[in-house]
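Novice: For the sequence shown, the positions run -28 to -1, 1 to 253 when mature numbering (1 follows the signal peptide of the UniProt record, and there is no 0) is used.
Ideal Cβ positions, reconstructed from N, Cα and C, are used throughout, including at glycine.
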Amino acid sequence: MRLSFKSIQFVRLLALSSGLLASASAFADSYRILISNDDGINSPLIHALRDGLATLDDVEIVVSAPDANKSGSSQSTDGGARTVEHIFANGEFFGYAVDGRPADAVRFGLLHLGKDEPFDLVVSGINQGANVGDVSHLSGTVGAAMEAIYQGIPAIAVSQDTANVDTSVTVNLTRQLVAKYQREGAPEGLVISINVPGGELKGVAVRPMGESYLKFSPYELTRTDGEVSEFEASYVGNRALDSTSDTYAYQNGYATITPLKFDWTAHEMLSEIETWGLAID
């Protein structure tokens, strides 16, 4: 079943009348969690996250995720008319696959699926690959979580290494944080970013965002045809040097916890820029 909707004015899904979603009254006392990601709804890690959070008491979990891998999308949007498909796993309804980017999937979830019964929390992940340091700005996983706080809903972004990592540790850390929010409430306007490295873990480190573990290599043109060119780009590894950063802690075996927010302002520069004498002539 494929249904079209426009970015803000979503049509009512047939699921509401067919019983795929339980009535709002059935979950009146539940803690509603919207799960999304940027690796796509078929990623095994979003299924692991959903199963892990479902073990919490008094939760209702809804999945709305991109229909394909949309990594590196940040908080961008495809805009215009999109489509939504019902996805089943093991014969049971699993969630909504949105023909769009991570932010589109979260926006659809919050503004349409949460229209009558708002969500309490958005959890984005589990991403295949770290989102520490400056790379977080590029991340669709973090972008999906940022879309949540843009819509006024607390969020968690969850990522882990691509190899030699115990996903159950990632799920358990996320579960602990969600349980705390369930008991005590979540901080407003913040995304908590969780990153779990591979190998033997030394513990949990709460660190500020800093440095970049990935750099782009120079572009190489592979074909030139008149004014049309193709190029290839790849990432090269980079070791962090700042021992206070999340990137450094992650690369040295710590699961990192980093609070993120929208304000990118370099506040220390405001007064200096005022002295530059810039004016409208």
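Candidates Val104, Phe188 and Ala227: which alpha carbon is nearest Ala177's?
Specialist: Ala227
Novice: Taking Cβ positions, are Val141 and Val168 nearer each other than 7 Å?
Specialist: Going by C-beta atoms, Val141 is nearer than 7 Å to Val168.
Novice: Just to check my reading of the structure: Gly115 and Gln47 have Cβ atoms closer than 8 Å, yes? What is that Cβ distance to the nearest angstrom?
Specialist: 4 Å
Novice: Should Ala26 be labelled buried (16 or more other beta-carbon atoms within 10 Å of its own) or exposed?
Specialist: exposed
Novice: If you count every other CB in all the chains shown that lies within 10 Å of the CB of Phe80, and 16 or more means buried, which is it?
Specialist: So Phe80 counts as buried.
Novice: By Cβ distance, which residues of its chain are closer than 8 Å to Thr49, with the 5 residues on each side in sequence left out?
Specialist: Ser(-22), Gly72, Arg73, Ala75, Asp76 and Arg79
Novice: According to DSSP, what are the bridge partners of Ala177?
Specialist: Thr228
Novice: Look at the alpha carbon of Arg195 and the alpha carbon of Glu240, and state the distance between them as a whole number of angstroms.
Specialist: 46 Å
Novice: Using a Cβ-based criterion (distance less than 6 Å to any ligand heavy atom), does Leu110 qualify as near the ligand ATP?
Specialist: The model depicted lacks the ligand ATP and carries no ligand whatsoever.
Novice: For Ala26, list the residues DSSP reports as bridge partners.
Specialist: For Ala26, which the question treats as bridged, DSSP gives no partner whatsoever.
Novice: Of the choices Ser184, Leu193 and Ala120, whose alpha-carbon is the least far from that of Leu213?
Specialist: Restricting attention to Ser184, Leu193 and Ala120, the CA atom closest to the CA of Leu213 is found in Ser184.
Novice: Just to confirm, is the Cβ distance from Ala221 to Arg179 under 7 Å?
Specialist: yes
Novice: Drop a sphere of 10 angstroms on the beta-carbon of Asp1, count the other beta-carbons inside from all chains shown, and report buried for 16 or more, exposed for fewer.
Specialist: exposed
Novice: Just the C-alpha distance for Leu41 and Glu244, rounded to the nearest angstrom, thanks.
Specialist: In the sequence on display, residue 41 carries Asn and not Leu. Computed Cα separation, rounded: 43 Å.
Novice: Could you tell me how far apart the beta carbons of Ser43 and Gly112 are, in whole angstroms, since I believe they sit closer than 8 Å?
Specialist: Right, their Cβ atoms sit about 6 Å apart.
Novice: Mapping the DSSP letters down to three states, classify Lys187 as helix, strand or coil.
Specialist: strand
Novice: May I ask you to report which of helix, strand or coil DSSP gives Val163?
Specialist: In the structure shown, Val163 sits in a strand (DSSP, three-state: E or B).
Novice: Once DSSP output is grouped into helix, strand and coil, what is the label at Ala61?
Specialist: strand
Novice: Provide the residue span of the beta strand (DSSP E) that contains Glu204, from first to last.
Specialist: Val200 to Glu204
Novice: Using alpha carbons as the reference points, say which of Asp106, Gly157 and Ala135 lies closest to Ser165.
Specialist: Asp106
Novice: Classify Asn224 as buried or exposed, calling it buried when 16 or more other Cβ atoms lie within 10 Å of its own Cβ.
Specialist: exposed
Novice: How would you call Leu242, buried or exposed, if buried means at least 16 neighbouring beta carbons within 10 angstroms?
Specialist: Classification of Leu242: exposed, given that the 10 Å Cβ count is below 16.
Novice: Give me the DSSP bridge partner(s) of residue 260.
Specialist: Look at the range of the chain in this structure, -28 to 253, and you will see that residue 260 is not part of it.
Novice: Taking DSSP as the reference, what is the three-state secondary structure of Arg54?
Specialist: strand
Novice: Go ahead and pull the three-state DSSP assignment for Leu250.
Specialist: It is coil, neither helix nor strand.
Novice: Please list the terminal residues of the continuous alpha helix (DSSP H) segment that includes Ser140.
Specialist: Thr139 to Glu156
Novice: Classify Leu(-16): buried if its beta carbon has 16 or more other beta carbons within 10 angstroms, exposed otherwise.
Specialist: Any reading at Leu(-16) must be qualified, since the residue scores a pLDDT of 35, below 50, and its modelled position is unreliable; no value is offered.
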